[in-house]
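Residue numbers (the working numbering), protein chains in the order written: chain A, 3 to 355; chain B, 3 to 355.
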């Protein structure tokens, strides 16, 4: 059985992100009524209590932890966490670190979350650098659950990556996909500037050789170009954090452009009639570009699940992130990642004998 | 007056690219009838002559130059050009190098074109590394011509860039945009992983400081994230060739995914009716993602115009590339690039005094 019958607690960062916390609280209130989990709300206690009073919720399932500081999203991660020692990110991660069966969800400064997690959470043995894995939409469905999305990692936790890191990310990403998408044998690719690894930058070329020669629980399909990302040829795509950030933000930019154009169309009276006549194509396009469906990006490399959502997330995005965090906790995805990294370590050990 | 009244000759590579050359020849035949320019067709002479006989064309405007070798697109650029010394790319670029008022158009192996151009064309004084500039669609219109696209460079000519190269690309890209989009004062940005240059990789951070402090004929607006690309905040975005390749191919991938979805919709009888009711939004989306509208990517850094089109280009893409090449020639865009690079050099000279 995959799902373990214990009550999962989601530690939800209410303060970080662009809004005033209202969207996160609305999601939490709804989750307390609809999902089988407890929530720990981290932020300004007075403010949270006041706002909660106006929302339908199950008080038995909600607890509030006070965090007075707010992380400034406009400065570098190091400066931001230095100025906010008791931020919702710091307090939330501390809560996760000392409690079993908990997961952290935040829409905060991604760099600050990575730095704070590195300082406060227990790393998975053998993982030197964390990876933030973004979920992105593709046309192909994958795994037993027919998920319409794939995984790209890293998208910003580790800007500059060696071949060691790229191989570790392949192992972590495929382990995560195995549990979350119920995809026993994920197809893994390295993102590059061509399918010929010889022309790739040195770390990618080295990682390519190790992935091609190694014995892994996934199918390594080689280097791919970025136009193959959305086609969905790979279930897991591995990249350094700089390039991954550029890819995921390019996709976001296109999605918001397409949204704006579709909104222009829907401003017209004829829109509703038109769309109902278009069948599934346009509807599918709208679903694919709607990031709030996907629930956020797991930060891999720690013994506790951490889900980072977009800073401008709305209620639905927070709700989906809470659900995803519970799923990561209950499916044992982190244990799977840990096992796979351990196997990689022992293979490396043998290779060095 | 911007347009100089001489007959421009476009040297068109018929052989390179994915197809059998038929699409390029159809475009050339049409261009000979509709555009005020001469064409030099490079490829297998017998084959070109036979195929031309079946197409309506103006024989006065077409000339054929034989090139027996074919560049293999599946190997690295260096290997490919080594195996094909008299390819359509090599012969075509030689023709351009020794003739005034000519421009080269090819759908061939971009890496091979860059390498052959470096060996056969005269570089612009002061330009050490070439940049391939891709045109990409944005929502905003720009310049006097209200062009719905902006420029991203480099997208693959120079994979690893120093700050020197990034600054030179900013100067070349803005000079090109000034003439082609009739945009006297283009807004230029550096692509990065955030708007704070402090967190950018070192070459970007250094280039940022020089662009912010220097005195240029363009408005430097700082570092931008990749989601700002399609929003159109910048007219010219500067990047190293590796990251630029990833961006442009990500955009291609999304475009082809969206195309596939729109095609699914159009397979239904109801589509036509639906689309006509949607007004401009969807139509605009379709136009924006249709790469064949844009005519190809200029390769900047040489004294002759070179336009690289996608390897799977159809007739319309070739026709637009021919037209763009003539426009680059006639508007004096290369002279503008040369002047601006010269000014950059003299500023650097003074700075070092």
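Every residue gets a Cβ at the ideal spot worked out from N, C-alpha and C, and that includes glycine.
Keep in mind that this is a model prediction, so the values were computed, not measured.
Between residue 248 of chain A and chain B, is the shortest Cβ-Cβ distance under 9 Å, so that the two count as touching? The sequence position of residue 248 of chain A within the first chain is 246, counting from 1. Output row for residue 248 of chain A: interface = yes.
DSSP three-state assignment for residue 107 of chain B, whether helix, strand or coil: Position 105 of the second chain, counting from 1, holds the residue named residue 107 of chain B. Here residue 107 of chain B carries a strand assignment [DSSP, helix/strand/coil].
Sequence-distant residues of the same chain with beta carbon closer than 6 Å to residue 68 of chain A, five excluded per side: Translated into the one-based positions of the first chain, residue 68 of chain A becomes position 66. For residue 68 of chain A, the CB contacts under 6 Å within the same chain, skipping 5 residues up- and downstream, are 47 in chain order.
C-alpha gap between residue 171 of chain A and residue 134 of chain A, whole angstroms: Numbered from 1 along the first chain, position 169 holds the residue referred to as residue 171 of chain A. Numbered from 1 along the first chain, position 132 holds the residue referred to as residue 134 of chain A. Rounded to whole angstroms, the separation of the alpha carbons of residue 134 of chain A and residue 171 of chain A is 9 Å.
Residue 159 of chain B and residue 107 of chain B closer than 9 Å at C-beta: Taking the second chain and counting its residues from 1, one reaches residue 159 of chain B at position 157. Taking the second chain and counting its residues from 1, one reaches residue 107 of chain B at position 105. Not closer than 9 Å, so no.
Element boundaries [beta strand (DSSP E), containing residue 44 of chain A]: Taking the first residue of the first chain as position 1, residue 44 of chain A is located at position 42. For residue 44 of chain A, the uninterrupted beta strand (DSSP E) segment begins and ends at 40-45.
Residue closest to residue 235 of chain B, alpha-carbon to alpha-carbon, out of B:49, B:100, B:154: In the second chain, the residue the question calls residue 235 of chain B occupies position 233. Taking only the C-alpha atoms, the option nearest residue 235 of chain B is B:154.
What residue does the beta strand (DSSP E) around residue 221 of chain A start on, and which one ends it? Numbered from its first residue, the first chain carries residue 221 of chain A at position 219. That run of the beta strand (DSSP E) goes 221-226.
Give the residues of chain B in contact with residue 230 of chain A, contact being defined as C-beta atoms less than 7 Å apart. Here residue 230 of chain A refers to the residue found at position 228 when the first chain is read from its first residue. Within chain B, the residues near residue 230 of chain A are 255.
Closer than 9 Å to chain A by CB, residue 322 of chain B: On the second chain, position 320 is the one that residue 322 of chain B refers to. Output row for residue 322 of chain B: interface = no.
Ordered list of beta strand (DSSP E) runs contained in the stretch 51-77 of chain A, each at least 3 residues: 64-68
Below 9 Å between beta carbons: does that hold for residue 101 of chain A and residue 11 of chain A? For the purposes of this step, residue 101 of chain A is taken as residue 99 along the first chain, with counting starting at 1. For the purposes of this step, residue 11 of chain A is taken as residue 9 along the first chain, with counting starting at 1. Yes, these two residues count as a Cβ contact at 9 Å.
On a Cα-Cα basis, can you pick out the residue from A:142, A:114, A:70 that is closest to residue 259 of chain B? In the second chain, the residue the question calls residue 259 of chain B occupies position 257. Closest option to residue 259 of chain B, Cα to Cα, is A:142.
Assuming contact is defined by CB atoms lying nearer than 9 Å, are residue 224 of chain B and residue 197 of chain B in contact in what I supplied? Residue mapping note: residue 224 of chain B aligns to position 222 of the second chain, counting from 1. Residue mapping note: residue 197 of chain B aligns to position 195 of the second chain, counting from 1. Contact check for residue 224 of chain B against residue 197 of chain B passes: the beta carbons are separated by less than 9 Å.
Below 9 Å on C-beta distance, what does residue 198 of chain B contact in chain A? The sequence position of residue 198 of chain B within the second chain is 196, counting from 1. Within 9 Å Cβ-Cβ: 76, 77, 78.
Does DSSP put residue 139 of chain B in a helix, in a strand, or in coil? Numbered from its first residue, the second chain carries residue 139 of chain B at position 137. Note: residue 139 of chain B maps to strand in three-state DSSP.
Cutoff 9 Å: residue 361 of chain B Cβ touching any chain A Cβ: Residue 361 of chain B falls outside the range modelled here, since chain B spans only 3 to 355, and no answer is possible.
Tell me the rounded alpha-carbon separation between residue 37 of chain A and residue 219 of chain B. Reading the first chain from its first residue, position 35 is the one you call residue 37 of chain A. Reading the second chain from its first residue, position 217 is the one you call residue 219 of chain B. If you take the alpha carbons of residue 37 of chain A and residue 219 of chain B, they lie about 58 Å apart.
Kindly give me the distance between the Cβ atoms of residue 242 of chain A and residue 163 of chain A, rounded to whole angstroms, as I take these residues to be in contact under 8 Å. The residue given as residue 242 of chain A occupies position 240 in the first chain. The residue given as residue 163 of chain A occupies position 161 in the first chain. With 8 Å as the limit, residue 242 of chain A and residue 163 of chain A qualify as a contact, their Cβ atoms being about 4 Å apart.
For residue 230 of chain A and residue 309 of chain B, the rounded distance between their alpha carbons: Here residue 309 of chain B refers to the residue found at position 307 when the second chain is read from its first residue. Here residue 230 of chain A refers to the residue found at position 228 when the first chain is read from its first residue. Between residue 309 of chain B and residue 230 of chain A, the C-alpha separation is close to 24 Å.
Could you check if residue 247 of chain A is buried or exposed, using at least 16 other CB atoms within 10 Å of its CB as the buried criterion? On the first chain, position 245 is the one that residue 247 of chain A refers to. Buried, because 16 or more other Cβ atoms sit within 10 Å of the Cβ of residue 247 of chain A.
Anyone know if the C-beta pair for residue 306 of chain B and residue 26 of chain B falls short of 9 Å? Start at 1 with the first residue of the second chain, and residue 306 of chain B comes out as number 304. Start at 1 with the first residue of the second chain, and residue 26 of chain B comes out as number 24. Cβ atoms of residue 306 of chain B and residue 26 of chain B: not closer than 9 Å.
Using a Cβ-Cβ cutoff of 7 Å, what residues of the stretch 33-49 of chain A are near chain B? List them in chain order. none
Let's test the definition: count the other Cβ atoms within 10 Å of the Cβ of residue 85 of chain A and tell me whether it reaches 16, buried, or not, exposed. To locate residue 85 of chain A, count along the first chain from 1; it is residue 83. Answer is exposed; the Cβ neighbour count stays below 16.
Quick one: using the 10 Å Cβ neighbour count with 16 as the cut-off for buried, is residue 9 of chain A buried or exposed? Residue mapping note: residue 9 of chain A aligns to position 7 of the first chain, counting from 1. Exposed: under 16 other Cβ atoms inside 10 Å.
Taking a Cβ distance cut-off of 9 Å, strictly less, list which residues of the stretch 96-129 of chain A are near chain B, in chain order. 113
Nonlocal neighbours in the same chain, by C-beta distance under 6 Å from residue 82 of chain B, ignoring five residues either side: In the second chain, the residue the question calls residue 82 of chain B occupies position 80. Hits under 6 Å: 73, 74, 111, 114.
Roughly how many whole angstroms lie between the Cα atoms of residue 42 of chain B and residue 62 of chain B? In the second chain, the residue the question calls residue 42 of chain B occupies position 40. In the second chain, the residue the question calls residue 62 of chain B occupies position 60. One Cα belongs to residue 42 of chain B, the other to residue 62 of chain B, and the distance between them is close to 11 Å.
According to DSSP, simplified to helix, strand and coil, what is residue 89 of chain B? In the second chain, counting from the first residue as 1, residue 89 of chain B sits at position 87. If DSSP states are grouped into helix, strand and coil, residue 89 of chain B belongs with the strands.
By the 10 Å Cβ neighbour count, where 16 or more other Cβ atoms means buried, how is residue 202 of chain B classified, buried or exposed? Numbered from its first residue, the second chain carries residue 202 of chain B at position 200. Looking at its Cβ environment, which holds 16 or more other Cβ atoms inside 10 Å, residue 202 of chain B is buried.
Could one say the Cβ of residue 164 of chain A lies closer than 9 Å to chain B's Cβ atoms, at least one of them? For the purposes of this step, residue 164 of chain A is taken as residue 162 along the first chain, with counting starting at 1. No - not a single Cβ of chain B is within 9 Å of the one on residue 164 of chain A.
Taking DSSP's pairing of strands, which residues face residue 11 of chain A in a bridge? To locate residue 11 of chain A, count along the first chain from 1; it is residue 9. According to DSSP, which records beta bridges pairwise, residue 11 of chain A is partnered with A:40, A:104.
Give every residue of the same chain whose Cβ lies closer than 8 Å to the Cβ of residue 325 of chain B, excluding the five residues on either side of it in the sequence, and list them in chain order. If you number the second chain from 1, residue 325 of chain B lands on position 323. Cβ neighbours of residue 325 of chain B beyond the five flanking positions: 33, 37, 297.
Between which two residues does the beta strand (DSSP E) containing residue 165 of chain A stretch? Walking along the first chain from the start, residue 165 of chain A turns up at place 163. Segment 165-182 is the alpha helix (DSSP H) holding residue 165 of chain A; no beta strand (DSSP E) there.
Quick one: is residue 243 of chain A near chain B, going by C-beta distance under 9 Å? Along the first chain, read from residue 1 onward, the residue named residue 243 of chain A stands at position 241. Closer than 9 Å: yes.
Roughly how many whole angstroms lie between the Cα atoms of residue 338 of chain A and residue 176 of chain A? Taking the first residue of the first chain as 1, we reach residue 338 of chain A at position 336. Taking the first residue of the first chain as 1, we reach residue 176 of chain A at position 174. Straight across, the Cα-Cα distance linking residue 338 of chain A with residue 176 of chain A is about 10 Å.
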